[in-house]
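J.: In this note's numbering, the protein residues as written are 120 to 226.
Built from N, CA and C at the ideal position, the CB exists for glycine as well.
Model, not experiment: these values are computed from the prediction.
Here it is, the structure, as structure tokens.
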Amino acid sequence: QLDDAMHNPGKYGYTPKNDLLEAYRTRFTHSFNTANPATDLENQFLNDYSISLPGTPVYIGEYHHVFGDYHAGVPDQATDLQAAMDIARSHNLFLGVSYFQYQVAYW
């Protein structure tokens with residue numbers, strides 16, 4: 120809906136004073152939070168995102184993959200973070216991650 124509003128502000132009762140669409144295209148970045156492993160990023164999010172919003176970069180605002188389970192084939196955080204960064208290097212819209220709760224949360 121945000122993307123539609125930027126392309127059609129009048130549809131939402133807004134008349135921009137400046138070039139809203141140009142600002143959206145050149146200055147906007149999306150983010151999302153996830154505790155999913157990096158192996159989920161492309162199939163569960165990036166592939167569809169790239170089709171829906173092909174010109175808008177995205178990053179993970181709160182990356183916090185839960186600790187892995189070696190026996191279940193789930194990578195530990197260091198391995199998973201490396202995988203996420205590898206995806207960022209190879210994907211033209213995915214900028215990377217902001218690490219959330221580096222150590223223990225005491226709340």
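Determine the extent of the alpha helix (DSSP H) in which Glu141 is found, giving its start and end residues.
T.: Residues 139-146.
J.: Going by DSSP in three states, Ala134 sits in which element: helix, strand or coil?
T.: Correcting the residue type first, residue 134 is Thr in the shown sequence and not Ala. It is coil, neither helix nor strand.
J.: Using C-beta distances below 6 angstroms, list every residue in its chain close to Pro156, excluding the 5 sequence neighbours before and after it, in chain order.
T.: These residues qualify, in order along the chain: His184, Asp199.
J.: Where Gln120 and Asn211 are concerned, what is the direct C-alpha to C-alpha distance, given to the nearest angstrom?
T.: Cα to Cα, Gln120 sits roughly 23 angstroms from Asn211.
J.: Is the separation between the beta-carbon of Ser217 and that of Tyr182 shorter than 8 angstroms?
T.: Taking 8 angstroms as the Cβ cut-off, Ser217 and Tyr182 qualify as a contacting pair.
J.: Tell me the DSSP secondary structure of Phe164 in three-state form.
T.: It is helical.
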